[in-house]
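The block underneath contains the structure these notes are about, expressed in structure tokens.
Protein chains in written order, with the numbering used here: chain A, 1 to 243; chain B, 1 to 385.
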């Protein structure tokens with residue numbers, strides 16, 4: 001059973017095809033790892049699925065609805081949430097208020113009073129209770145990344161897209177974040193993770209999708225996929241380009 | 001009791017007390033300009049607070065207040081004078097027409113993808129210019145001849161002209177502030193704050209951004225127009241140049257910025273302070289220096305108190321109230337000024353000084369980032385290829 005099925009997704013930026021006919025299937029209750037060199041289209045795919053960028057072509061079935069025809073708030077209402085690689089908290093609100101806001105809107109509507117009461121549970125889940133009421137500029141990057149998770153979870157999603165949760169964290173924080181991702185998954189949320197640390201994605205995901213220049217070049221079991229010659233070439237090729 | 005319950009009782013008390021003012025002024029044989037002073041303050045409060053519902057809450061900077069105000073003025077002018085409608089029947093039409101104009105503007109500008117804040121600001125500025133030319137061109141609106149509002153009949157239960165103005169401006173200002181408060185303490189208000197902070201993120205978390213922006217703009221225009229409708233009477237002789245100028249949009253911006261745009265109460269405080277100051281400067285015969293003084297004060301206060309003076313005063317609300325009461329007492333008892341309005345203006349100005357005390361919260365003083373975490377480390381793969 002697929003939580004989401006996308007076919008032939010195309011996204012241009014001017015003359016550049018960021019996504020060139022991508023097919024993606026996300027199995028319910030599983031973790032899909034999205035990998036590929038810089039500029040391969042991973043983040044663009046996240047942005048298209050969550051409605052941040054309108055797609056040029058394609059169809060994405062999510063619980064019977066075509067996501068590409070919905071606005072971002074309707075996509076949230078359908079049960080899909082995402083995080084940002086560079087945290088984007090609401091800066092005039094505290095962490096608790098950030099979480100309360102996404103609970104109020106999110107998948108189902110709740111009143112402000114209910115949201116204020118409920119916000120604590122996600123702060124607790126992400127270990128942010130202590131800093132919940134501080135001004136947002138007093139949180140560390142690690143805490144802001146967890147706030148991204150707390151805020152996304154407060155929308156009560158069935159599918160969660162995680163865009164580089166680990167980028168910029170130190171090794172201890174990376175370990176903590178990996179445990180957090182597993183805890184989220186244990187709650188029954190289907191996950192898509194975009195990650196540069198191949199070791200981590202391979203360990204977490206049940207399926208990998210490898211993108212290169214906007215196309216899917218491989219998909220399947222992580223250990224098998226990472227040994228395929230196209231995948232190795234894509235990674236090494238990108239290294240040479242950027243050297 | 002809930003915070004909202006308490007606040008609503010507060011609103012009711014303020015309403016009752018303020019409505020006693022015209023009666024008290026009459027009973028004590030106090031000068032009638034006390035009433036005029038207050039209803040002019042109500043005018044500015046409604047204009048500033050309604051502007052802030054759009055700009056302070058949602059972050060979309062508007063120069064359009066003059067347009068909503070002008071639509072209101074001309075609607076009651078045309079209906080009540082040219083067509084002989086009862087004034088109180090023309091008044092709601094003024095509000096509705098201004099509100100609908102706001103929604104039409106919203107339909108156009110908020111539908112544009114990637115609308116920059118600058119484009120929105122410029123569009124709202126242009127609206128007033130367009131309306132002014134239309135009013136000048138068509139004689140069924142103005143046609144360059146103006147509209148005489150003096151002598152417009154008002155229902156008797158409203159009392160004499162001053163009292164009637166007081167009652168009508170009060171009702172509009174009260175409804176505006178109440179709406180601003182109720183929004184502030186609701187899901188919709190929070191949705192708007194999220195739009196102000198980061199609209200795409202708010203949208204992605206489920207905030208119906210288009211609908212909410214339309215609502216904020218509609219409410220802003222509705223109350224701006226409603227108060228404009230009332231104000232046509234005070235203007236007396238309505239002309240295009242007097243109505244569609246930069247005065248209203250400029251003043252609501254100054255008032256809200258000074259008072260603070262992030263709290264529903266900020267523009268109320270800003271409106272009272274700036275209005276009483278300009279009024280006193282005018283009455284002291286300093287019209288020419290007026291703008292220099294107000295401008296200077298604004299620069300000092302905005303640089304010293306970024307979040308607006310209301311939030312600062314609230315941090316030390318006991319001290320603020322005490323300073324205000326003491327200044328009022330000193331000025332009244334020693335008879336330092338010629339009227340209560342002077343006493344009030346001096347006392348407010350002195351109270352503003354409390355806002356200049358250093359803030360207790362130090363938002364700038366954040367903890368150093370945790371060891372080994374460069375804040376810029378996550379820069380890769382952010383922009384589209």
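We treat Cβ as the ideally placed atom computed from N, Cα and C, and that holds for glycine.
Chain-ordered residues of the region 180-205 of chain B with a beta carbon less than 8 Å from chain A: 185, 186, 187, 190, 191, 193, 194, 196, 197, 198, 200, 201, 202, 203, 204, 205
Whether residue 425/B touches residue 224/B by CB criterion (8 Å): Outside the displayed range of chain B (1 to 385) lies residue 425/B, so it cannot be described from this structure.
Proximal chain A residues relative to residue 208/B, where beta-carbon distance stays under 7 Å: 73
Listed by chain order, chain A residues near residue 262/B by CB distance under 7 Å: 92
Distance between residue 86/B and residue 366/B (C-alpha atoms, nearest Å): Because residue 366/B carries a pLDDT of 37, less than 50, the predicted location of this residue cannot be relied on, and no value is offered for it.
Proximity to residue 52/A [Cα-Cα], best of 220/B, 226/B, 206/B: The residue among 220/B, 226/B, 206/B with its C-alpha nearest the C-alpha of residue 52/A is 206/B.
Reduced DSSP secondary structure (H/G/I, E/B, other) of residue 13/A: Looking at residue 13/A - three-state DSSP - the assignment turns out to be strand.
Sufficient close CB pairs (3 or more, under 8 Å) joining the region 225-237 of chain B to the region 62-79 of chain B: Output reads yes: the region 62-79 of chain B touches the region 225-237 of chain B.
Cβ contact check for the region 252-266 of chain B and the region 106-123 of chain B: 3 or more pairs under 8 Å: no
Under 8 Å between C-beta atoms of residue 201/A and residue 24/A: no
Pair within 8 Å by beta-carbon distance, residue 100/A and residue 128/A: no
Through-space distance from residue 357/B to residue 316/B, alpha-carbon basis: So the alpha carbons of these two residues sit roughly 9 Å apart.
Inter-residue spacing [alpha-carbon to alpha-carbon] between residue 378/B and residue 167/A: Only weak support is given to the placement of residue 378/B: the predicted model assigns it a pLDDT of 36, under 50, and the value that follows is read from those uncertain coordinates. The straight-line gap from Cα to Cα measures roughly 5 Å.
Alpha-carbon to alpha-carbon, residue 155/A and residue 105/A: 7 Å
CB contact check: residue 101/A to chain B, cutoff 8 Å: yes
Near-chain B residues of the region 142-164 of chain A (beta-carbon distance less than 9 Å), N- to C-terminal order: 142, 143, 145, 151, 152, 154, 155, 163, 164
Terminal residues of the beta strand (DSSP E) in which residue 159/A lies: 159-163 is the span of the beta strand (DSSP E), which, as asked, contains residue 159/A.
Three-state secondary structure assigned by DSSP to residue 86/A: coil
Through-space distance from residue 89/A to residue 19/B, alpha-carbon basis: Cα to Cα, residue 19/B sits roughly 44 Å from residue 89/A.
Per-residue contacts from residue 112/A into chain B (C-beta, under 9 Å): Within chain B, the residues near residue 112/A are 185, 186, 187, 189, 190.
Segment contact flag, the region 207-222 of chain A with the region 30-46 of chain A, C-beta cutoff 8 Å, min 3 pairs: In short, these stretches touch, since the Cβ pair count reaches three.
Neighbourhood of residue 191/A by C-beta distance below 6 Å, restricted to the same chain and skipping five residues each side: 31, 160, 185
Terminal residues of the beta strand (DSSP E) in which residue 190/A lies: 190-194
At least three beta-carbon pairs within less than 8 Å, the region 85-100 of chain B to the region 141-160 of chain B: yes
Reduced DSSP secondary structure (H/G/I, E/B, other) of residue 59/A: strand
Reduced DSSP secondary structure (H/G/I, E/B, other) of residue 384/B: Low confidence applies to residue 384/B: its pLDDT is 36, below 50, so where it sits in the model is not reliable, and the reading given next is rough at best. Here residue 384/B sits in coil by DSSP.
Opening and closing residue of the alpha helix (DSSP H) in which residue 119/B lies: 117-137
Separation of residue 305/B from residue 363/B, as counted between CA atoms: In this prediction, residue 363/B has a pLDDT of 47, which is less than 50 and means its spatial position is unreliable; what the coordinates show is noted afterwards. About 12 Å.
Opposing strand residues paired with residue 146/B [DSSP bridges]: None; residue 146/B has no bridge partner.
Spatially closest choice to residue 222/A from 5/A, 234/A, 216/A, 198/A, by CA coordinates: 198/A
Residue 137/A, buried or exposed, once every other Cβ within 10 Å from all chains shown has been counted against 16: The Cβ neighbour count for residue 137/A, taken over all protein chains shown within 10 Å, is under 16; the residue is labelled exposed.
Residue 9/B at chain A interface by Cβ criterion, 8 Å: Closer than 8 Å: no.
Local conformation of residue 28/B per DSSP, three classes: coil
C-beta neighbour in chain B for residue 104/A, strict 8 Å: yes
Contact list for the region 46-67 of chain A against chain B, Cβ threshold 9 Å: 47, 50, 51, 52, 53, 54
DSSP three-state assignment for residue 98/A, whether helix, strand or coil: helix
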